[in-house]
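S.K.:
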Ligand code: KIV
Ligand code: ZN
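In my numbering, the protein residues as written are 1251 to 1763.
(1) Looking only at DSSP bridge pairs, what is residue 1534 linked to?
(2) What would DSSP say about residue 1750, mapped onto helix, strand or coil?
(3) Taking only heavy atoms of ligand 1 into account, decide whether any of them is closer than 7 Å to the Cβ of residue 1668.
(4) In angstroms, rounded to a whole number, what distance separates the CA positions of residue 1280 and residue 1311?
(5) Considering only the alpha carbon of each residue, which of 1400, 1377, 1446 lies closest to residue 1414?
(6) Please list, in chain order, all residues of the same chain as residue 1646 whose beta carbon is under 6 Å from its beta carbon, the five residues on each side excluded.
(7) Is the beta carbon of residue 1299 within less than 7 Å of some heavy atom of ligand 1?
(8) Exposed or buried, what is residue 1494 when buried is set at 16 or more other beta-carbons lying within 10 Å of its beta-carbon?
(9) Taking residue 1483 as part of the alpha helix (DSSP H), name the residues at either end of that continuous run.
(10) Is the separation between the beta-carbon of residue 1342 and that of residue 1317 shorter than 8 Å?
(11) Comparing C-alpha positions only, which one of 1481, 1438, 1424 sits nearest to residue 1461?
(12) Skipping 5 residues on each side, what residues in its chain have a beta carbon closer than 7 Å to that of residue 1623?
(13) Is there contact between the segment 1568-1579 and the segment 1590-1606, where contact requires at least three CB pairs shorter than 8 Å?
(14) How many Å lie between residue 1580 and residue 1539 at the Cα?
(15) Taking 7 Å as the line, does the beta carbon of residue 1477 fall inside it for any heavy atom of ligand 2?
(16) Classify residue 1274 as helix, strand or coil using the three-state DSSP reduction.
(17) When you compare each of 1502, 1336, 1727, 1718 to residue 1739 by their alpha carbons, which one comes out closest?
(18) Tell whether a beta-carbon distance below 8 Å holds between residue 1432 and residue 1463.
(19) Determine the burial state of residue 1323: buried for a count of at least 16 other Cβ atoms within 10 Å of its Cβ, exposed for fewer.
(20) Have a look at residue 1673 and residue 1471 and give me their C-alpha separation to the nearest angstrom.
(21) Should the segment 1299-1310 be regarded as contacting the segment 1343-1362, the criterion being three or more beta carbon pairs within less than 8 Å?
(22) Drop a sphere of 10 angstroms on the beta-carbon of residue 1642, count the other beta-carbons inside from all chains shown, and report buried for 16 or more, exposed for fewer.
(23) Measuring alpha carbon to alpha carbon, tell me which residue in 1409, 1727, 1458, 1391 is nearest residue 1492.
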């Protein structure tokens, strides 16, 4: 790799997996590792092999994939930890020991000299086994500066290839990180990595500052997963580095959203909607002023083109909406209201928004149809029948029968629960017509009690970036979920048809000019 690139050391599978409540099976770890390699990370820290059989199995499985990036494993400065790394056929160890007085006194119960000795011995042991070695002085940022410099200098003398500087409890600001990295550069001549935690929301800023100060690599995780408040988020660090600092990485940024979704699904950690780059709202617009601006020129209210990170912009109706936004949304469905009708539609949308209602595309279309006195959208797909089986010791299964343009289609699928199974069965049938991904699924009870009325809101997206949000309400959550999904599919297909017609018109105009 050329030196001008900032290196990305991804620790989603190690520090990210230390997120409370997260554990990944070897097969899920392997799936993520393959995606990380495709994304273009330089190093994947696959785990901490000594901790369990499953961790070793996962590490071995990943090593067997022959990925093109480097693969490292974590080890304390203990021979048995380093042996576990070697036994997994890894060629790269990340070894660490804490150096701050607070860790020495209360955790390790060791003197500074003892810690220094262990660090040196671990590096020598790793090097004598031919490993690539990266050494971290855990809690570097709260370590006495002179002692820290002594530790790093001596591990470099002992042969470590790289050092990493962990801000273990995120207790630093960019100014402090700047001086720390510059200071360490006066005593070490090997590449320096930065490893930040986000306890004060400064992990990305601190990591970027470290790079400015001369570090060459950032330890990061997908979606900022990690202990407590998490680690530096890969997507935020990479995009800020590319766009705001003019420093490139090898990351293929168009794949960022996809991997974020995969990691979120496999770990069960939902990404907050307002998270930069990958949050659902990062490229969504509701307010009238913003949608107007974005429709005229996206750069008015978007710092980057969403496609750079594999996203699409979307507009939503709500109480902040304006004429331009609503008109653009209706146009996607081929509805062109008169100015008077448009004003009436917007007024109705604002009224519902004021009452606290979340307005889906289906609601907007219902309002528009009523005001424009048009028929609703054509229902090309209809739910004819379905059966689900579920229980304690059975795999939830669903068999679904749909009518698509008069023809009947039946298929079955399994899932994590009856809703999952039924939605998958629908997607199996409609895959060729509209290959969609379920972006959002929200189930809320409208009334109380076990016979509560439920509302299911979903957002679906097809591979061309058409997005539709719909909802359905009813007593049975499976029926309601299926109905919401069918509504979404019908809207997506309508948008696809509109797009085809627009393109045909364009072609025709070209031909007749
Ligand atoms: O945050 C930390 O200090 C770590 C070490 C193991 C490097 O994750
Ligand atoms: Zn960490």
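Just so you know, even glycine gets a beta-carbon here, dropped at the ideal spot from N, CA and C.
Since we're looking at a predicted model, the values are computed, not measured.
M.R.: Taking the structure as given:
(1) Your numbering for residue 1534 matches position 284 in the chain shown. Listed as beta-bridge partners of residue 1534 by DSSP are 1564.
(2) For this step, residue 1750 is matched to residue 500 along the chain shown. Residue state, collapsed to three classes: helix.
(3) Looking up residue 1668 in the chain shown gives position 418. Outside the cutoff, so no.
(4) Numbered from its first residue, the chain shown carries residue 1280 at position 30. Numbered from its first residue, the chain shown carries residue 1311 at position 61. Cα-Cα distance, rounded: 7 Å.
(5) Residue mapping note: residue 1414 aligns to position 164 of the chain shown, counting from 1. Closest by alpha carbon: 1446.
(6) For the purposes of this step, residue 1646 is identified with residue 396 of the chain shown, where counting begins at 1. Excluding sequence neighbours, residue 1646 sits near 1640, 1665, 1667, 1668, 1671.
(7) Here residue 1299 refers to the residue found at position 49 when the chain shown is read from its first residue. No, the Cβ of residue 1299 stays beyond 7 Å of every heavy atom of ligand 1.
(8) Locating residue 1494 in the chain shown gives position 244, where the first residue counts as 1. Residue 1494 is exposed by the Cβ-count criterion.
(9) For the purposes of this step, residue 1483 is taken as residue 233 along the chain shown, with counting starting at 1. Taken as a continuous stretch (DSSP letters only), residue 1483 belongs to no alpha helix (DSSP H), as it is neither H nor E.
(10) If you number the chain shown from 1, residue 1342 lands on position 92. If you number the chain shown from 1, residue 1317 lands on position 67. Against a cut-off of 8 Å, the Cβ pair of residue 1317 and residue 1342 comes out as no contact.
(11) Residue mapping note: residue 1461 aligns to position 211 of the chain shown, counting from 1. Ranking 1481, 1438, 1424 by Cα distance to residue 1461 puts 1424 first.
(12) Stepping through the chain shown from its first residue, residue 1623 is reached at position 373. Within the same chain, residue 1623 has no close Cβ partners at all.
(13) Output reads yes: the segment 1590-1606 touches the segment 1568-1579.
(14) Taking the chain shown and counting its residues from 1, the one referred to as residue 1580 is at position 330. Taking the chain shown and counting its residues from 1, the one referred to as residue 1539 is at position 289. When rounded, the distance between both Cα atoms is 17 Å.
(15) The residue given as residue 1477 occupies position 227 in the chain shown. Checking the Cβ of residue 1477 against ligand 2 gives yes.
(16) The sequence position of residue 1274 within the chain shown is 24, counting from 1. Looking at residue 1274 - three-state DSSP - the assignment turns out to be coil, as it is neither helix nor strand.
(17) As a position in the chain shown, residue 1739 is number 489, starting the count at 1. When each option's Cα is compared against that of residue 1739, the closest is 1718.
(18) Translated into positions along the chain shown, residue 1432 becomes position 182. Translated into positions along the chain shown, residue 1463 becomes position 213. Yes; because the gap between Cβ atoms is below 8 Å, this pair is in contact.
(19) If you number the chain shown from 1, residue 1323 lands on position 73. Buried: at least 16 other Cβ atoms inside 10 Å.
(20) Taking the chain shown and counting its residues from 1, the one referred to as residue 1673 is at position 423. Taking the chain shown and counting its residues from 1, the one referred to as residue 1471 is at position 221. The alpha-carbon separation between residue 1673 and residue 1471 amounts to approximately 31 Å.
(21) no
(22) Position 392 of the chain shown, counting from 1, holds the residue named residue 1642. Classification for residue 1642: exposed.
(23) To locate residue 1492, count along the chain shown from 1; it is residue 242. The option with the nearest alpha carbon to residue 1492 is 1458.
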